[in-house]
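Before any comments, here is the structure.
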Amino acid sequence: MIQSMTGFGKHIIQLPTKKITVELKSLNSKSIDLNARIPGAYREKELSMRATIANALNRGKVDFGLYVEVTGEETSTQVNEAIVKQYIQQLKNVVDGEPVELLKMAVRMPDALKTEREEINEEEFDQVALALDEAIKALMEFRIEEGKALTKEFELRISNIAKLLEEVKVIDPERTTMIREKLEKAVSEIKEKVDPDRFEQELIYYLEKYDITEEKVRLANHLAYFTETLNTADSNGRKLGFICQEIGREINTMGSKSNYAPMQKIVVQMKDELEKIKEQILNVL
Numbered sequence: 001m002i003q004s005m006t007g008f009g010k011h012i013i014q015l016p017t018k019k020i021t022v023e024l025k026s027l028n029s030k031s032i033d034l035n036a037r038i039p040g041a042y043r044e045k046e047l048s049m050r051a052t053i054a055n056a057l058n059r060g061k062v063d064f065g066l067y068v069e070v071t072g073e074e075t076s077t078q079v080n081e082a083i084v085k086q087y088i089q090q091l092k093n094v095v096d097g098e099p100v101e102l103l104k105m106a107v108r109m110p111d112a113l114k115t116e117r118e119e120i121n122e123e124e125f126d127q128v129a130l131a132l133d134e135a136i137k138a139l140m141e142f143r144i145e146e147g148k149a150l151t152k153e154f155e156l157r158i159s160n161i162a163k164l165l166e167e168v169k170v171i172d173p174e175r176t177t178m179i180r181e182k183l184e185k186a187v188s189e190i191k192e193k194v195d196p197d198r199f200e201q202e203l204i205y206y207l208e209k210y211d212i213t214e215e216k217v218r219l220a221n222h223l224a225y226f227t228e229t230l231n232t233a234d235s236n237g238r239k240l241g242f243i244c245q246e247i248g249r250e251i252n253t254m255g256s257k258s259n260y261a262p263m264q265k266i267v268v269q270m271k272d273e274l275e276k277i278k279e280q281i282l283n284v285l
């Protein structure tokens with residue numbers, strides 16, 4: 001079962017004096033690329049949270065947000081009374097003014113407010129860790145649902161290529177006949193000047209050169225292998241990408257060898273279906 005790298009997960013916990021929200025959003029990336037936005041008080045736990053996310057999500061460009069809303073009466077910001085009083089006294093020496101106006105000016109001065117570093121206890125962080133686990137779980141469920149939609153898309157495109165391959169097999173005999181007739185006609189005027197045995201050898205050589213039997217067999221095998229990989233227990237976008245490269249190689253070779261307009265049209269349709277797969281394969285985990 002494949003999974004998409006696109007996903008979103010969110011979980012909210014309510015503590016006695018805080019509301020904490022954990023959000024995770026992921027997009028496609030070749031490896032894990034994690035961007036974290038968390039309050040300074042939780043920085044000491046950032047590495048462990050990053051490790052948890054990386055181990056769970058494996059790949060993707062991930063935005064991790066930890067948001068804290070104070071709902072109680074506590075606050076980590078305090079008025080620095082001594083500094084504010086000094087500012088008021090200095091302002092009185094400069095201008096005459098109402099005490100309230102002087103206070104308004106004083107609290108805007110540097111260091112008028114002080115923020116005490118908030119210490120996060122282990123019990124609170126345990127709750128945050130649980131919220132992170134729930135957000136990860138929600139994101140992974142999102143990825144699985146997106147993966148189901150991708151699977152249907154891939155199955156459709158692979159089925160379309162397989163049908164087009166059957167069309168190639170149907171018209172291949174007439175293509176071979178056309179090539180033979182074309183070669184015979186091209187040399188008919190000088191046939192009397194050519195050694196018959198040598199001519200036959202050259203004809204066989206060119207027919208073998210345009211033969212696409214191996215390409216048809218390999219393409220059918222690659223399509224079957226893609227479907228088999230698609231239905232394995234683990235999601236492996238890189239492997240599916242490699243199989244797409246092999247599918248494309250066989251289609252391109254078939255097109256270059258075809259030398260027959262009806263078959264080349266079918267090859268173009270195959271390429272179009274394959275490009276639609278390649279566009280989405282980048283989103284597979």
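In terms of this note's numbering, the sequence shown is residues 1 to 285.
Even for Gly, the Cβ is constructed at its ideal location relative to N, Cα and C.
This structure is a prediction, so every number in the text was calculated from the model and none was measured.
Beta-carbon proximity check, residue i vs residue j, cutoff 9 Å
i	j	result
residue 5	residue 132	no
residue 254	residue 212	yes
residue 20	residue 79	no
residue 168	residue 237	no
residue 91	residue 106	yes
residue 259	residue 210	yes
residue 56	residue 140	yes
residue 145	residue 9	no
residue 53	residue 136	yes
residue 179	residue 207	yes
residue 138	residue 222	no
residue 256	residue 3	no
residue 22	residue 32	no
residue 71	residue 18	yes
Proximal residues to residue i (C-beta, below 7 Å), its chain only, five neighbours per side dropped
i	result
residue 165	216, 219, 220
residue 96	none
residue 102	88, 91, 92
residue 288	Residue 288 is absent from the structure shown; the chain starts at 1 and stops at 285.
Residue of the options minimising C-alpha distance to residue i
i	options	result
residue 63	28, 31, 78, 24	24
residue 124	84, 262, 41	41
residue 264	61, 242, 3, 175	175
residue 148	272, 233, 52	233
residue 268	252, 7, 257, 278	252
residue 44	262, 244, 274, 120	120
residue 273	162, 60, 7	162
residue 243	262, 256, 278	278
residue 109	128, 99, 122, 84	84
residue 27	12, 7, 276	7
residue 240	282, 94, 201	282
residue 88	112, 70, 71	112
residue 249	60, 214, 160	214
residue 66	58, 128, 160	128
residue 59	15, 143, 159, 94	143
residue 266	160, 98, 182, 245	160
Contact set for residue i: own chain, Cβ-Cβ below 8 Å, skip 5 residues either direction
i	result
residue 46	36, 38
residue 280	150, 153, 154
is_contact[residue i, chain D] using C-beta, thresh 9 Å
i	result
residue 270	This model lacks chain D altogether, as it is built from one protein chain only.
Close-in-space but distant-in-sequence residues of the same chain around residue i (CB under 6 Å, 5 per side omitted)
i	result
residue 276	157
So does the region 145 to 155 actually touch the region 227 to 245, counting three or more Cβ pairs closer than 8 Å?
As far as the Cβ criterion goes, the region 145 to 155 touches the region 227 to 245, which means the pair count is three or higher.
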